[in-house]
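**Student:** Per our numbering, the sequence shown starts with residue 4, numbered consecutively. Cβ atoms here follow ideal geometry from the backbone N, Cα and C, with glycine treated the same way. Here the structure is a predicted model, which means the values were calculated and not measured.
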Amino acid sequence: MGAMKRSPLVLVLLLFLCSSLALASYSYGEDGSGSGSGRPYHYGEESFRHWTRSRQGRFRVLERFTHELLEDAVMFVKEGEGVVALLYRGRRESFCVREGDVLVIPAGAVVYSANTHASRWFRVVMLLNPVSTTGRFEEFFPIGGESPESFFSVFSDDVLQAAFNTRREEWEQVFEKQSKGEITTASEEQIRELSRSCSRGSRGHGGGESMWDIKPSSLTGKRPSHSNSHGRHYEITGDDCPQLRALDIEVGLANITRGSMMAPSYSTHANKLVVVVEGSGHFEMACPHLSGGQSSSSQRRGRGHGGRECGGEEEEGEGREEQEGEHKSRGYKQVRSRIKVGSVMVIPPGHPTTLVAGDDKNLAVLCFGINARHDEKVFLAGSNSVLRQMDELAKALAFGAEREKVDRVIGAQTDAVFLRGPSSRRISSE
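Listed below in structure tokens is the structure:
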């Protein structure tokens, strides 16, 4: 089957002059066929906009995050293998990338890529910050035709003829002949030619690894930072990749075994953008809000499974003077939503969160941590729970229960980071 197919070549020449934080994903496959909801913390597939779509593949964008923190693009290879070519700093670098790789693409680089596998999709997730069109994601194509249009087409004839030292008619015959779209196909021989010069690392400039020595880093090829029967977690930090260190970003991948969960935890500094790349399940997050008398526990008992926003009607009166005798207290809302492949969650620092895998398949989530340099992951349950570090007097004063009972409850969980989930716990107890 695969031998009869031609691997699609992406003729997208993306000038990353691209000014709000955007999350993009694109995919193209072996046969040319294609394979927000307004909530502030969870975005489903309906929130993505199809930037380009053809028989050879698609490019989808989730725009307008509130953080403007990034200048370069961070690419993660979700599936397959390919070649990614970058034109930047006066040279061309071609990289062989495969599933699990992370690659930083410098701002302003011209990029083109190809699927080098004859029978598999090449799927990529990218985190990028457009820097030229405020509030929007845009691509700039130096080569094109009707679709995409070359940005050179808006320049005057005199300027183009002087710049290229050629007549306008000859220029048009070269720059405006592309009519197959942003994603098109190439022969196996053309793919081999494109792949011939690709490598797993930059040629560098001597003197050791530097900010400009771009190369892919294998996320899943590293030893897991946490691993047990309920899941594994991999991460690449600034210590592993100088480009990520310069961007103050880290990239993590958690694979949660079906029926299992990640222990409730929060980040001390980093904003987390979490993308579901495999499986399904749900996530829950505690969101601070000002409540008007109803306790958070009673709110929890009365809620269903729909996603919830922080704030809402209960907070509209915040800032007004309280009525005499009215009681206001600090409480929490539950943000909860079902998640599946393509779902995106935005998790601010200091917000306790958990992820729960469904019963039928493992749940794999990709996590971009922004402002990660001084970040620490604080776990609230499990054998590494921060609550276990409290001294005995603090426990007695804080919990208001007998010390033995407190120790028994917070010390009952023997696993760390990845735990047995609610459904498997119910089955084992029946």
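For the beta strand (DSSP E) that contains F125, what are its first and last residues?
**Tutor:** Counting from one through the sequence shown, the residue named residue 125 turns up at place 122. Looking at the DSSP string, the run of the beta strand (DSSP E) that includes F125 is 125-131.
**Student:** Count the other C-beta atoms from every protein chain shown that fall within 10 angstroms of the C-beta of K380, then say buried if there are 16 or more, exposed otherwise.
**Tutor:** Along the sequence shown, read from residue 1 onward, the residue named residue 380 stands at position 377. Buried, because 16 or more other Cβ atoms sit within 10 Å of the Cβ of K380.
**Student:** Is R339 closer than 8 Å to E287 when the C-beta atoms are compared?
**Tutor:** Start at 1 with the first residue of the sequence shown, and residue 287 comes out as number 284. Start at 1 with the first residue of the sequence shown, and residue 339 comes out as number 336. A contact, by the Cβ cut-off of 8 Å.
**Student:** Assuming contact is defined by CB atoms lying nearer than 8 Å, are F98 and C201 in contact in what I supplied?
**Tutor:** Mapped onto the sequence shown, residue 98 falls at position 95. Mapped onto the sequence shown, residue 201 falls at position 198. Result yes, Cβ atoms of F98 and C201 sit closer than 8 Å.
**Student:** For the stretch 417-428 against the stretch 251-267, do three or more pairs of beta-carbon atoms, one drawn from each stretch, fall closer than 8 Å, so that the two count as touching?
**Tutor:** Contact between the stretch 417-428 and the stretch 251-267 is present, because at least three Cβ pairs lie under 8 Å.
**Student:** Can you tell me which of the three DSSP states Q416 falls into?
**Tutor:** Taking the sequence shown and counting its residues from 1, the one referred to as residue 416 is at position 413. Coil at Q416, not helix or strand.
**Student:** Using 10 angstroms around the beta-carbon of K81, count the other beta-carbons present and answer buried if the total reaches 16, otherwise exposed.
**Tutor:** For the purposes of this step, residue 81 is taken as residue 78 along the sequence shown, with counting starting at 1. Label assigned to K81: buried.
**Student:** Under the three-state reduction of DSSP, which class applies to F402: helix, strand or coil?
**Tutor:** Here the question's residue 402 lines up with position 399 in the sequence shown. Here F402 sits in helix by DSSP.
**Student:** Please state the DSSP three-state secondary structure of A289.
**Tutor:** The residue you call residue 289 lines up with position 286 of the sequence shown. Strand.
**Student:** List the endpoints of the continuous alpha helix (DSSP H) containing D161.
**Tutor:** Within the sequence shown, numbered from 1, the residue matching residue 161 stands at position 158. It spans 160-167 - the alpha helix (DSSP H) in which D161 sits, taken as one unbroken run.
**Student:** Between V254 and F371, how many whole angstroms is the CB-CB distance? I'm expecting something under 8 Å.
**Tutor:** Residue numbering aside, residue 254 sits at position 251 when the sequence shown is read from its first letter. Residue numbering aside, residue 371 sits at position 368 when the sequence shown is read from its first letter. At roughly 6 Å, the Cβ-Cβ gap stays under 8 Å, so V254 and F371 are in contact.
**Student:** Reducing DSSP to helix, strand and coil, say where G41 ends up.
**Tutor:** To locate residue 41, count along the sequence shown from 1; it is residue 38. With a pLDDT of only 38 at G41, under 50, the local geometry of the prediction cannot be trusted, and no value is derived from it.
**Student:** What are the residues that DSSP puts in a beta bridge with G282?
**Tutor:** To locate residue 282, count along the sequence shown from 1; it is residue 279. Answer by DSSP bridge pairing: none, since G282 is not bridged.
**Student:** Using CA coordinates, which residue listed in S153, I239, E84 is at the minimum distance from V107?
**Tutor:** As a working mapping, residue 107 is identified with position 104 in the sequence shown. The shortest C-alpha separation from V107 is found at I239.
**Student:** Using DSSP bridges, identify the partner residues of A360.
**Tutor:** As a position in the sequence shown, residue 360 is number 357, starting the count at 1. Beta-bridge pairing links A360 to G284.
**Student:** Run through DSSP, which three-state label would A189 get?
**Tutor:** Within the sequence shown, residue 189 is the residue found at index 186, counting from 1. Note: A189 maps to coil in three-state DSSP.
**Student:** Check the C-beta distance from L369 over to A360 and give it rounded, since I have them as a contact under 8 Å.
**Tutor:** Here residue 369 refers to the residue found at position 366 when the sequence shown is read from its first residue. Here residue 360 refers to the residue found at position 357 when the sequence shown is read from its first residue. In fact, because the Cβ distance is near 15 Å, the residues do not count as touching under 8 Å.
**Student:** Helix or strand or just coil, what does DSSP make of V344?
**Tutor:** Stepping through the sequence shown from its first residue, residue 344 is reached at position 341. Three-state result, V344: coil.
**Student:** Please say whether Y237 and L256 have beta carbons closer to each other than 8 Å?
**Tutor:** On the sequence shown, residue 256 is found 253 positions in, with the first residue counted as 1. On the sequence shown, residue 237 is found 234 positions in, with the first residue counted as 1. Yes, Cβ-Cβ distance for L256 and Y237 is below 8 Å.
**Student:** Measuring CB to CB, does D418 end up less than 8 Å from S386?
**Tutor:** As a working note, residue 418 is residue 415 in the sequence shown. As a working note, residue 386 is residue 383 in the sequence shown. Cβ distance < 8 Å, so D418 and S386 count as in contact.
**Student:** Go ahead and label S10 buried or exposed: buried means 16 or more other beta carbons lie within 10 angstroms of its beta carbon, across all protein chains shown.
**Tutor:** What you label residue 10 is simply residue 7 of the sequence shown in a count that begins at 1. With a pLDDT of only 44 at S10, under 50, the local geometry of the prediction cannot be trusted, and no value is derived from it.
**Student:** I'd like the span of the alpha helix (DSSP H) that includes L250, first residue to last.
**Tutor:** On the sequence shown, residue 250 is found 247 positions in, with the first residue counted as 1. L250 -> alpha helix (DSSP H) spans 245-250.
**Student:** Report the residue from Q164, P109, A189, R170 whose alpha carbon sits nearest the alpha carbon of A117.
**Tutor:** The residue you call residue 117 lines up with position 114 of the sequence shown. Of Q164, P109, A189, R170, the residue nearest in Cα terms is A189.
**Student:** Buried or exposed for H229, going by 16 or more other Cβ atoms inside 10 Å?
**Tutor:** As a first step, residue 229 is located in the sequence shown; it is residue number 226 there, counting from the start. Buried.
**Student:** Skipping 5 residues on each side, what residues in its chain have a beta carbon closer than 6 Å to that of S198?
**Tutor:** Counting from 1 along the sequence shown, the entry for residue 198 is found at position 195. Same-chain partners within the cutoff: V86, T119.
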